[in-house]
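Each step along the sequence shown adds one to the number in the working numbering, with nothing skipped, and position 275 is 779. Here's the structure we're looking at; comments come further down.
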Amino acid sequence: MRIAVPAETVPNERRVALTPDSVSRLVKQKMEVAVQRGAGLAAGFSNDAYAAAGAVMVDGAGDTCAGAAVVCKVQRPGPAEVPLLDEGSALVSLLQPSANGALLSKLAARRVSAFALELVPRITRAQSMDVLSSQATVAGYKAVLLGAAELPRLLPMLTTAAGSLTPARAFVIGAGVAGLQAIATARRLGAVVSAFDVRPAAKEQVQSLGATFVAAELVTEGAQDKGGYARAQDEEQQRRTREALAAHIKDMDLVITTAQVPGRAAPRLVTESMVAGMRPGSVVVDLAAESGGNCELTRAGDSYVAHGVTIMGPVNLPSTVPLHASQMFSRNVETFLRHLVKDGVVQIDLNDEITGAMCVTHDGEMRKT
505 MRIAVPAETV PNERRVALTP DSVSRLVKQK MEVAVQRGAG LAAGFSNDAY
555 AAAGAVMVDG AGDTCAGAAV VCKVQRPGPA EVPLLDEGSA LVSLLQPSAN
605 GALLSKLAAR RVSAFALELV PRITRAQSMD VLSSQATVAG YKAVLLGAAE
655 LPRLLPMLTT AAGSLTPARA FVIGAGVAGL QAIATARRLG AVVSAFDVRP
705 AAKEQVQSLG ATFVAAELVT EGAQDKGGYA RAQDEEQQRR TREALAAHIK
755 DMDLVITTAQ VPGRAAPRLV TESMVAGMRP GSVVVDLAAE SGGNCELTRA
805 GDSYVAHGVT IMGPVNLPST VPLHASQMFS RNVETFLRHL VKDGVVQIDL
855 NDEITGAMCV THDGEMRKT
């Protein structure tokens, strides 16, 4: 059975879907892995490394995908890539199905079985397939570095011959995977860190990292779904949350927002008036920029100054740390492939709680949008 890894075509995407280590393990499982030449170069993986791992190196995306039972990508295929997929083959990649109905329609028309990596269910046996968590780890780490680079002050407390420097204050909104990594990174760099989340489990997790949990009175049992994700708040809950955040944000040097609700626009938690009340030189790094932003002033992909505060809306942060991001992404994909492929054949059981949850097109039909 042939697995194809074409080069990514989305601008600035430097990750690769399968790294040489994963290729080696798949080849040992009697799978043929075809890799387009140059597919891993931006992430630091040479053609020679893939060849040494047992990959078949191919020139061009068309020849790479030809005859493949499964095509693995990081980002969704573009219009020119869909015709390269063999009819009846499987596609494994990030697809953003709720925002890409036209793409799903084309994949269904080609009878491609498409699996959206964003839809890995939050259950124990799927944890090692969870690309959202692995990539959020990278994003949370990098967000702190971006914010620290923009601040006009150092993060740690320092005692020097020129006097003592007080530590910076960092505030993380949302204590999911990205938020917890941001807390840990800011702490390692010496900042005084506080955090907020509406989910009951978050308080203990935040405190275990040495950060202060803010506005514990707003935590509610119904604030998360069965998968552990935050639920959307009603208007009254949002009002109370904004009031609590406004009282705390005004004294912060660095604010990192990570709050997102799957399948919906990110909640607007930081208003323009809150930003205006912050100290000049403060920085807001909004990790929810791609889904609308947690900050009212965020512009996806842009960084600018408003009311004396730098507002950063980075997109696709994991791609800026491509080696480690690819290593984790690849292991997630590899684990899913082992789940999907049995006895050298792709076996699609839509009744399976993992396969069924992730499959967005199959047998000529769109299953989810």
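C-beta atoms are modelled at their ideal positions from N, C-alpha and C, and glycine is treated no differently.
Here's the rule I'm using: 16 or more other beta-carbon atoms within 10 Å means buried, otherwise exposed. How should residue i be labelled?
i              : result
methionine 661 : exposed
arginine 701   : It should be noted that the sequence gives aspartate, not arginine, for residue 701. With 16 or more Cβ atoms within 10 Å of its Cβ, aspartate 701 is classed as buried.
tyrosine 554   : buried
alanine 647    : buried
aspartate 853  : exposed
glycine 629    : With the sequence shown as reference, residue 629 is identified as arginine, and glycine is not the correct amino acid for it. The residue is exposed, with fewer than 16 neighbouring Cβ atoms inside 10 Å.
lysine 577     : buried
asparagine 855 : exposed
alanine 690    : buried
asparagine 836 : buried
glutamine 533  : exposed
proline 581    : buried
glutamate 838  : buried
glycine 812    : exposed
glycine 542    : exposed
glutamate 512  : buried
valine 809     : exposed
serine 777     : exposed
glutamate 857  : exposed
arginine 614   : buried
aspartate 755  : exposed
arginine 703   : buried
serine 668     : exposed
threonine 663  : exposed
glycine 544    : buried
serine 817     : This sequence places glycine at residue 817; serine is not what is there. Flag for glycine 817 reads buried.
proline 510    : buried
proline 524    : buried
glutamate 747  : exposed
alanine 720    : exposed
aspartate 790  : buried
glutamate 739  : exposed
glycine 491    : Nothing can be reported for residue 491: it is not among the residues displayed for the chain, which extend from 505 to 873.
From the DSSP secondary-structure annotation, give me the bridge partner or partners of residue i.
i                 : result
lysine 846        : Val849
leucine 595       : Val575, Ala618
tyrosine 808      : Ile815
glutamine 879     : As shown, the chain starts at 505 and ends at 873. That puts residue 879 outside it, with no answer to give.
leucine 758       : Ala674, Val787
methionine 561    : Val539
threonine 839     : In DSSP, threonine 839 forms no bridge with anything.
phenylalanine 717 : Ala699
methionine 870    : Thr865
Specify, as a first and last residue, the run of the beta strand (DSSP E) that residue i falls within.
i           : result
alanine 699 : 696-700
alanine 508 : 506-509
Provide the residue span of the alpha helix (DSSP H) that contains residue i, from first to last.
i              : result
valine 531     : 524-532
serine 777     : 776-780
arginine 744   : 739-753
isoleucine 687 : 681-692
cysteine 863   : Cysteine 863 -> not in any alpha helix (DSSP H); beta strand (DSSP E) instead, spanning 863-866.
threonine 802  : Taken as a continuous stretch (DSSP letters only), threonine 802 belongs to no alpha helix (DSSP H), as it is neither H nor E.
asparagine 820 : No alpha helix (DSSP H) contains asparagine 820, which DSSP labels as neither H nor E.
aspartate 552  : 551-556
Within the present structure, is the beta-carbon of residue i separated from the nearest heavy atom of the ligand NAD by less than 6 Å?
i             : result
aspartate 757 : Questions concerning the ligand NAD fall outside what the structure shown contains, since it holds no ligand whatsoever.
Is there contact between the region 670-677 and the region 847-855, where contact requires at least three CB pairs shorter than 8 Å? The region 670-677 makes no contact with the region 847-855: fewer than 3 CB pairs, one atom from each, lie closer than 8 Å.
Whole alpha helix (DSSP H) elements within the region 606-675, 4-residue minimum: Fully enclosed alpha helix (DSSP H) runs of 4 or longer: 635-654.
Quick check: the region 600-607 against the region 634-645, are there 3 or more CB pairs under 8 Å? By the Cβ test, the region 600-607 is not in contact with the region 634-645, since fewer than three Cβ pairs between them sit closer than 8 Å.
Given 8 Å, three or more beta-carbon pairs between the region 623-631 and the region 815-835: The region 623-631 is not in contact with the region 815-835.
Would you check if the region 792-803 and the region 705-714 touch, i.e. whether three or more CB-CB distances between them fall below 8 Å? Segments in contact, no.
If you pair each beta-carbon of the region 564-576 with each one of the region 544-551, do three or more pairs fall below 8 Å? Too few Cβ pairs lie closer than 8 Å, so no.
Quick test of the definition: if touching needs 3 or more C-beta pairs under 8 Å, does the region 810-825 touch the region 556-571? With the cut-off at 8 Å, the region 810-825 and the region 556-571 do not touch.
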